[in-house]
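Counting the sequence shown from 1 gives a position; the working numbering is that position plus 12. Note that beta-carbon positions come from the ideal geometry of N, C-alpha and C, so glycine has one too. The structure displayed is predicted, hence computed values, not measured ones. I have placed the structure first, in the form of structure tokens, so that the comments after it can refer back to it.
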Amino acid sequence: MPSLFESAETAPTIADFVKIPLFLLSLNGEKLFKWTPDEPPSRKQKILLRNFCMIILFNLIAMVLFFFFGQLESALDYTALTIYWGFALNSLMKGGTLWVGRQKLEFVIKGLMARHPKTPEQRHAFRLVPYYKKIIAYNKYLTIWHLGTTSLFNLHPIASSAVEYLWRKDKEHGFNYRFPFMMWYYYDEKKPIFYLLSYLMQCCGSYCVSFLFLGADLLLITLVHVVNMHFEYLGRYIEEFQPSGTDEDIEVLEPLVTYHLDILGYAERIDSTFSLSILLNYMGSCMVLCLIGVQLVGGTEFLSVVKFLAFLIATMVHVYFISYFGNNLIDLSSGISDAFYNHAWYKANYKYMRLLVLPIARAQRYAHLTAFQFFEISMNSFKSLCTTSYQFFTLLRTSLEEKPN
13 MPSLFESAET APTIADFVKI PLFLLSLNGE KLFKWTPDEP PSRKQKILLR
63 NFCMIILFNL IAMVLFFFFG QLESALDYTA LTIYWGFALN SLMKGGTLWV
113 GRQKLEFVIK GLMARHPKTP EQRHAFRLVP YYKKIIAYNK YLTIWHLGTT
163 SLFNLHPIAS SAVEYLWRKD KEHGFNYRFP FMMWYYYDEK KPIFYLLSYL
213 MQCCGSYCVS FLFLGADLLL ITLVHVVNMH FEYLGRYIEE FQPSGTDEDI
263 EVLEPLVTYH LDILGYAERI DSTFSLSILL NYMGSCMVLC LIGVQLVGGT
313 EFLSVVKFLA FLIATMVHVY FISYFGNNLI DLSSGISDAF YNHAWYKANY
363 KYMRLLVLPI ARAQRYAHLT AFQFFEISMN SFKSLCTTSY QFFTLLRTSL
413 EEKPN
């Protein structure tokens with residue numbers, strides 16, 4: 013009769029945990045590390061990377077040219093342009109951060125692979141399946157919502173123009189050549205073939221930066237989630253440990269201390285890799301939240317309101333999840349010190365009690381994410397972000413509503 017723990021679904025690996033974020037990044041040809049030392053770069057990866065560079069360069073040039081030759085008719089156009097630029101630059105920065113910190117990420121992922129529970133009993137003790145199902149569900153939700161929002165931005169202009177053209181009785185004015193984003197081209201983009209080419213490049217560019225934005229954030233919360241799993245298991249193991257009062261207890265304590273230091277080290281490397289990205293993410297989110305608020309209040313077209321509202325929700329959910337997992341990291345890593353205090357240390361001998369002082373002191377240094385050392389990431393920082401964004405929004409809205417004397 014098969015064991016309760018031998019089901020195939022109870023054996024997800026680290027590669028399974030990070031498969032969604034790494035897949036999203038691979039769509040741009042970005043490969044952060046090799047799973048095996050002799051793994052060669054694939055031809056598909058090289059093609060995707062060249063396509064990504066070509067698409068991004070083409071769209072960035074068109075966006076820069078818009079500053080010189082484009083026209084902005086209202087305050088809503090200015091806020092929309094700022095939102096597009098902010099999102100694009102934030103996404104490219106995230107991709108660059110991952111590339112710069114790829115060696116740290118490789119160290120963390122391979123270290124977690126070495127520490128990954130291997131036996132059915134260990135997987136059950138780590139609560140591996142619930143942790144895996146939770147992060148996969150979050151990754152899928154964020155991916156579907158974010159890419160759905162991107163598709164809404166991409167399809168809205170051409171769908172609106174097509175419906176308008178088909179339902180208009182007077183065909184003399186012709187087709188209204190709308191684009192998803194504000195760009196300027198050195199050729200006549202209102203010719204059908206050039207319009208389709210430009211429109212396709214804008215759509216491809218928006219998906220490319222969305223893959224970067226999504227891949228970086230999902231990789232961050234996934235790695236933090238796996239580290240949280242180890243902290244929770246370690247805390248439970250320490251608290252349930254019953255010393256026997258002999259020197260053999262020290263042989264149990266030493267691996268636990270080493271294990272704790274390893275997990276702390278992984279958390280510090282994750283923070284050092286993503287801290288600048290998190291800071292810019294918070295700053296960019298604050299800007300996007302208040303500017304999208306202006307768009308929602310001042311927008312007139314229903315579908316425009318819907319797409320910016322969807323983008324607002326996507327932005328808030330991204331920051332919320334980073335804050336949520338960062339808050340869990342603080343709580344679970346802080347719990348290691350409590351576990352040392354709460355376990356039956358009084359049953360151990362004097363030598364064990366004396367050695368226990370150092371692990372307790374080390375456990376006082378909890379793991380956490382930071383925004384480039386400016387502040388810790390937690391649910392309190394998320395609340396502060398929402399408050400600050402609302403204050404900026406009200407200030408910006410008031411200044412736009414004031415009529416000149």
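Quiz prompt | Same chain only: Cβ atoms within 7 Å of residue 395, ignoring 5 sequence neighbours per side | solution = none
- CA-CA distance, residue 118 and residue 325? 32 Å
**Q.** Boundaries of the alpha helix (DSSP H) in which residue 373 is found, first to last residue
**A.** 362-375
Note down the Cα distance separating residue 19 from residue 253, rounded to an integer number of angstroms. Below a pLDDT of 50, predicted positions are generally treated as unreliable, and residue 19, at 45, falls in that range; the measurement from the model is reported next regardless. Straight-line Cα distance between these residues: approximately 28 Å.
Requested in this report: Give me the Cα-Cα distance between residue 289 and residue 28, rounded to the nearest whole angstrom.
Outcome: 24 Å
- request: Return the residue from the list 321, 83, 96 and 50 that minimises the CA-CA distance to residue 455.
  value: Absent from the structure is residue 455, since the part of the chain shown begins at 13 and ends at 417.
Notebook entry, point to check: Around the C-beta of residue 364, are 16 or more other C-beta atoms found within 10 angstroms, so that it is buried, or is it exposed?
Noted result: buried
Applying the 10 Å Cβ sphere with the 16-neighbour rule, what's the burial state of residue 135? buried
- May I ask you to list the residues that DSSP assigns as paired with residue 388? 382
- Compute the beta-carbon to beta-carbon distance between residue 349 and residue 375, rounded to the nearest angstrom, for a pair I have assumed lies under 8 Å. 4 Å
(request) Tell me whether residue 126 is buried or exposed, calling it buried when 16 or more other Cβ atoms sit within 10 Å of its Cβ. (result) exposed
With distance defined between alpha-carbon atoms, name the residue in 44, 111, 155 and 382 nearest to residue 283. 382
What does a CB cutoff of less than 6 Å around residue 144 pick up in its chain, not counting 5 residues either side in sequence? 24
- request: Report yes if the CB atom of residue 302 is closer than 8 Å to the CB atom of residue 165, and no otherwise.
  value: no
Going along the chain, which unbroken runs of the alpha helix (DSSP H) with 4 or more residues stay wholly within the region 162-216? none
**OP:** Kindly indicate which three-state DSSP category residue 155 falls into: helix, strand or coil?
**Re:** helix
key: Beta-carbon gap between residue 158 and residue 250 smaller than 8 Å   = no
inquiry  = Whole angstroms are fine: how far does the CA of residue 403 sit from the CA of residue 68?
reply    = 34 Å
| said: Quick check on residue 253: does DSSP put it in helix, strand or coil? | reply: coil
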